[in-house]
Amino acid sequence: MKWAVLTLALMGVAWAELAPPERSYKILMLLPVSSKSHRNVFLPVAEGLADRGHKIVILANHPPALNHPNVEEIDHDLPDFKTEAMDLFATRADPAGVFRMFQNVLPIIARKLYKVPKVKELYDRRKEFDIVVIDHMFNEVVYPFAYEMPFMTIATPGMDARQSAVFGNVLNPAYAPSLMKTFPLPMSMMQRFLNTIEHIKSAVNWRYLDVLPSVQKEISSQFPDLPPLLDIERNQSLTLLNSHFTVTGVLPLLPSQVEVGAMHCRPGKPLPEDLESWISGAGSEGVVYFSLGSVAQGQSMPTKYRDMFVEAFKQLKQRVIWKYEVALEGVSDNVLMRKWLPQQDILAHPNVRVFITHGGLLSTQESFYHSTPVLAVPIFGDQPKNGINIQASGLGLMLVWEELTVELIVNSLQELLNNPKYRTTAEEVRSALRDQPESPKDRAVFWTEYVIRHKGAPRLRSPAATLSRLLAGPRVPERRQEEEGVSFLG
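Under mature numbering (1 follows the signal peptide of the UniProt record, and there is no 0), the letters of the sequence shown match residues -16 to -1, 1 to 474, in that order.
This is the structure we're talking about:
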């Protein structure tokens, strides 16, 4: 009898964990200015919520990617921001070029977006949704959707000092590197000073000088009764951070800042037969995998660097899998080139020994998750910082494009292939990253539902949110909305 009671109790616990929520929520996700990697951070959250029975609508600048009955994806079709057309290698000679691009493009998108019929229709029925979820990076243009609505963000690049200040968590630049800077830890006194300047400069330039004022002008001309975008931003209840301390380092967090990094990572699936044969056939020497991610096109790589890798691979005993969009002449027989490759399934294969990567955040998380030593060759943005984290963690090495030589590439690969400390460290990091009480995806789903259940979750708000000025913007006058029982504090 006791065993029967215990069995029923355990079944009840299992059923409680699997039971659907009390009702189906309607959730609006907005990322109209995003790269594929940003979109790929949203997809696990959308899928997890949809699996729970919620109805998800996603507005983005990409064709639909999820085949789920509870998910509707809308591509606004504006041509003004297409990452496929970007030459990221050109930004190395002109780092400010990316900033100028957003300075020019975002006001144009703000002017056009709400004139797109399907976007206008979505805006007109925004009150139907239980919550609005916005990609915090580059997407202030859709803050009008969040006015007087329960509202949260997903911080696709991880911790951003500007956004953290909005919540009242003003990061100390003595130990919190700027999103786009590469200072190693611990920083010297000069590096701390320069990092402080960078924290202030990036916030002031984006919010008050070069970018947001033009976006605000376009939005105000269409929605004259709305408060300023920065006021709307400060009413967000919670942010899901695409970070984990094993990957990006330790920073202080508020309850309203929830780490869900690597939630897109998953165990490897069986490879297509030809890839499995190629990798397994490499024998004890193993395979090197080379990919510059979803934004940087391999064929945009300057010829001198491409030729260096072609020559370096000729000197390896290992086989090489290279993600590259077009056929190349002069490539040795130990190199297999493909336009598209199942990256996580390749990294999960035990015969893959080294991952040559641009150091994008998702690729970095995947290398940690699958315990693959890394040779990072960052191109732009946060990638140099990720490369430094990879090297500092002992998971791999980082090279600089302007310093590349064939000999340096070969020697770096030989170090990673032949020194067992990198594989040992990678396995230790993988163990720490995977050792969590629940999956990051489940955590993201829980906290999204939490904000909805608690009507915007005003008790998550830190009183410090009203104190930060320079990084986060002016204090929002306290206001409360009682409609439909929803309470918001400014």
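C-beta atoms are modelled at their ideal positions from N, C-alpha and C, and glycine is treated no differently.
Residues of the same chain with a CB within less than 6 Å of the CB of Lys96, apart from the 5 flanking positions on each side, are Leu62 in chain order. Contact annotation, Phe26 with Ile42: C-beta distance approximately 7 Å; criterion of less than 8 Å satisfied. Distance between Val55 and Asp114, taken at the CA atoms: about 15 Å. The criterion of a C-beta distance shorter than 8 Å is not satisfied by Glu202 and Pro134. Note that the C-beta distance between Asn318 and Leu345 is not below 8 Å. Under the three-state reduction of DSSP, Ser275 is assigned to strand.
About 35 Å separates the beta carbons of Ser446 and Ser278, which is beyond the 8 Å limit, so they are not a contact pair. In this structure, DSSP gives Phe339 an extended state, which the three-state scheme calls strand. Taking a cut-off of 8 Å on C-beta distances, the stretch 398 to 416 touches the stretch 343 to 359, as three or more cross pairs fall below it.
The Cβ-Cβ distance between Cys249 and Gln367 does not fall below 8 Å. Under the rule that a run must span 3 or more residues, the beta strand (DSSP E) segments found entirely inside the stretch 337 to 373 read 358 to 360.
In this structure the stretch 390 to 400 does not lie against the stretch 109 to 125, because fewer than three pairs of beta carbons, one per stretch, are closer than 8 Å.
C-alpha of Asp258 to C-alpha of Gly314: approximately 22 Å in a straight line.
Taking Trp190 as the centre and dropping the five residues before and after it, the same chain places the C-beta of Arg146 and Leu196 closer than 8 Å to its C-beta, in chain order. Taking the Cα positions, Ser198 is about 15 Å away from Pro208. DSSP, read as helix, strand or coil, puts Trp306 in strand.
Annotation: the continuous alpha helix (DSSP H) that includes Glu31 extends over Lys20 to Asp35. Exposure of Met173 is indicated by the presence of fewer than 16 other C-beta atoms within 10 angstroms of its C-beta.
According to DSSP, Gly380 shares a beta bridge with Val358.
Looking only at Pro357, Trp385 and His438, the smallest Cα-Cα distance to Tyr406 is reached by Pro357.
When Lys323, Leu300, Leu312 and Gly343 are compared, the shortest CA-CA separation from Arg337 is found for Leu300. Taking the CA atoms as reference points, Asp144 sits about 12 Å from Ile184. Listed in chain order, the alpha helix (DSSP H) runs fully inside the stretch 126 to 167 are 127 to 130 and 145 to 150, counting runs of at least 4 residues.
At the C-beta level, Met292 and Val390 come within 8 Å of one another.
Distances from the alpha-carbon of Arg322 to those of Pro256, Thr348, Glu6 and Phe151 put Pro256 closest. Of Pro16, Val435, Pro239 and Gly267, the smallest CA-CA separation from Gly152 is found for Pro239. The three-state secondary structure of Leu300, taken from DSSP, is coil. Nearest C-alpha to Glu387 among Ala44, Ile58 and Lys288: Lys288. One Cα belongs to Val82, the other to Thr75, and the distance between them is close to 7 Å. Under the DSSP definition of a beta bridge, Arg7 lacks any partner.
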